[in-house]
Amino acid sequence: MSVPLLEVNGLSKTFGSVQAVGGIDFLICEGRCVALLGPNGAGKTTTIRIIAGLLKQSAGTVGFVDGDHVGTGGNRAMIGYLPQAPSFYNWMTGLEYVVYAGRLCGLPRSHAVSRAKELLERVGLNAAAKRRIGSYSGGMKQRLGLAQALVHRPKLLVLDEPVSALDPIGRREVLELLQELKRETTVLFSTHVLPDAEELCDDVIIINKGAIALQGNIAEIRSRYRQPVIELELERDEPSLKWADAFAERHRSGTNVSSQTAGLIYDVSRQGASVRFSVTEVDAAREQLLGELAAEKVRVSRLQVGYTSLEDLFMKVVSL
Amino acid sequence: MTSGAARYFAMAQKELLELVRSFKLLWVPLVFVLLGIMQPVSMYYMPLILEKAGNMPVGSVIEIPMPLGAEVLAQTLQQFGTLGLLVLVLAGMGTVSAERNSGAAALILVKPVSSFSYIASKWTSLLLLAWGSLTAGYLSSWYYTSLLIGEVDASRVLGSLLVYGLWLSFALALTLLFSTLLRSPAAAAFSALGASAALSLLAGVFPKQAGWLPGSLSGFAYQIASSGSAGSDRFGWSLACTAAAIAGSLLLAGQSLKRSASVD
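Sequence order for the protein chains is S and W. Mapping of the first sequence onto the working numbering: residues 1 to 320, in sequence order. Mapping of the second sequence onto the working numbering: residues 1 to 264, in sequence order.
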């Protein structure tokens, strides 16, 4: 079992009368890559900023775990932090900035210089190290941000929406870099982009409206919440679409033709010409559906049996 | 060297580099030198200027007594007190708020540095800018005054320079404080200039009751330049009060930054 590193306990934050974060608890274990996932306004950034020490919580504690002891405060030397849109001193060069960051973290000058060179090489900025930061692209700035966050070898790397503001190329660069970094250090990052979380992280914490909706190992969650679905693709003709609406309506009102169907299918949703049936048992439901489709002469162009994705789960959890 | 001091030095070094790269270390002293030279030169050529520019009837004789060198230096200080102070405050108004507004401050303050060393490093660079500019401007004024008008004792120049420098330092401490408290650089400049002007006015209108306020320092500096002594028993009080006010402003700025480091 992995060693706990950071413990967040009953964390809450209110801005005036608005509660941004309402009492969340989680534990980050050493060496894990954890995604803090949630829609915009869920309280991700607030949580991240409290952990980074930029914001004071209204209640609760954040502390590094050292043996049995949970520390409070004084986390800043252990954390490397990168905000959503980092802002540097544009008149400095990339190398100067990382050296500066290193010296602020207490490295002696010569150490800071060698460490900065090493990191810039690492994030692929050594060609641009002597250029002014003002001339950097968004992706380069984000990579510089990673370099400055890593300069003091933090135990925990805290990233706020590391790729949200980037174009596809910059996104790719940063994701690949994170893929490497997560092997060396513990990473906590927030995102509202599910594929990024799936690609990178081991654990997810899904938060919604300031509360934890779901958390755990991503593979575990995927298998635990995986549910069979049947997807129908209809031709866009009037009778077929009408049938779909009518079916959904009957399902909602509980007056389905056969009482059997009601138990098999527990959710129906239509988006354009595709209809999704969440079912409990695939074979029986398929049989029922095919029977009805044939009887109603519905024009089906495709029928697919599959499982809910993490995205479905995410949508379900955050729309509660 | 303790780690806190090392971090302060790193930050102060960065501030100095910024002064150089933003050319503030060039043009602010240049403004002071220009102001300093203009005063003796324009006093020297005043009769000529009036003759050429004024709508005087032909044949009128203009007789203006040449002022004493010490008076010209006092007038130079008055120039520094208006235009010079304005330039310094404008140069320093965004020193904290601009970094906070852009988010650059958040990236620095999230590191294990204290908000007080952050403020102290800013203060160091502002002091260097103010004292460097004042010295350059005042010395060039002294040089031209002695060339064109008359010699002035070095002791008077030095005394008035130190007192006036303290006044500028006080105004910049206010600028730094307001730059930390307020989000808008323009509001910070306005508040700092307003507060300095109000203090000066207070000390000017009620010299007996308000003579110990920092606002009376500029008056004392003029006195020292023109007559050689401050000529008031409140001078010492005023020095002490200013030093305390500067320390108070810096502590307050550091404290407020510490409490609201989140704002970026």
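Beta carbons are placed, not taken as given, at the ideal position from N, Cα and C, and that holds for glycine. Because the structure is a prediction, the values reported are computed rather than measured.
Check	Outcome
Against chain W: residues of the segment 44 to 62 of chain S by CB proximity under 7 Å	Arg49, Ala52, Gly53, Leu54, Leu55
Members of the segment 131 to 158 of chain W that neighbour chain S once the beta carbon cut-off is set at 8 Å	none
Whole-Å CB distance - S:Leu264 paired with S:Gln288, under 8 Å assumed	6 Å
Distance between W:Leu250 and W:Leu176 (C-alpha atoms, nearest Å)	8 Å
Given 8 Å, three or more beta-carbon pairs between the segment 214 to 228 of chain W and the segment 151 to 168 of chain W	yes
Residue-level contact to chain S via CB, W:Arg234, 8 Å cutoff	no
Interface flag, S:Cys105 vs chain W, CB-CB below 8 Å	yes
With 16 other Cβ atoms within 10 Å as the buried cut-off, status of W:Tyr143	exposed
Entirely enclosed beta strand (DSSP E) segments - the segment 263 to 310 of chain S, minimum 3 residues	265 to 271, 274 to 279, 300 to 307
At least 3 beta-carbon pairs within less than 8 Å: the segment 5 to 19 of chain W vs the segment 101 to 109 of chain S	yes
Proximal residues of chain S, C-beta to C-beta of W:Ser3 below 7 Å	Gly106
Residue range of the unbroken alpha helix (DSSP H) whose run includes W:Tyr143	115 to 148
W:Ser125 and W:Ala210 closer than 8 Å at C-beta	no
Reduced DSSP category for S:Glu184 - H, G, I as helix; E, B as strand; rest coil	coil
Cβ-based contacts, 9 Å cut-off: residues of the segment 5 to 34 of chain W near chain S	Ala6, Arg7, Phe9, Ala10, Met11, Gln13, Lys14, Leu17, Glu18, Arg21, Ser22
Chain S residues whose Cβ lies nearer than 9 Å to that of W:Gly36	Within chain S, no residue comes near W:Gly36; the closest Cβ sits about 29 Å away, beyond 9 Å.
S:Ala219, enclosing alpha helix (DSSP H) - first and last residue	218 to 224
Below-8 Å beta-carbon distance, W:Gly103 vs any chain A residue	Any reference to chain A falls outside this structure, whose protein chains are S and W.
Selection from W:Gly215, W:Pro207, W:Gln39 that minimises the alpha carbon distance to W:Ala192	W:Gly215
Distance cut-off 7 Å: S:Ala219 Cβ against heavy atoms of the ligand ADP	Among the components of this structure there are no ligands whatsoever, and the ligand ADP is therefore not found.
First and last residue of the uninterrupted alpha helix (DSSP H) at W:Asn101	97 to 102
N- and C-terminal bounds of the alpha helix (DSSP H) containing W:Pro47	46 to 53
Validate contact between the segment 271 to 287 of chain S and the segment 224 to 236 of chain S using beta carbons, cut 8 Å, 3 pairs	yes
Closest by C-alpha distance to S:Ser269, when choosing among S:Arg49, S:Arg143, S:Arg250, S:Pro195	S:Arg250
W:Met43 beta carbon less than 8 Å from that of W:Pro185	no
DSSP beta-bridge partners of W:Leu83	In DSSP, W:Leu83 forms no bridge with anything.
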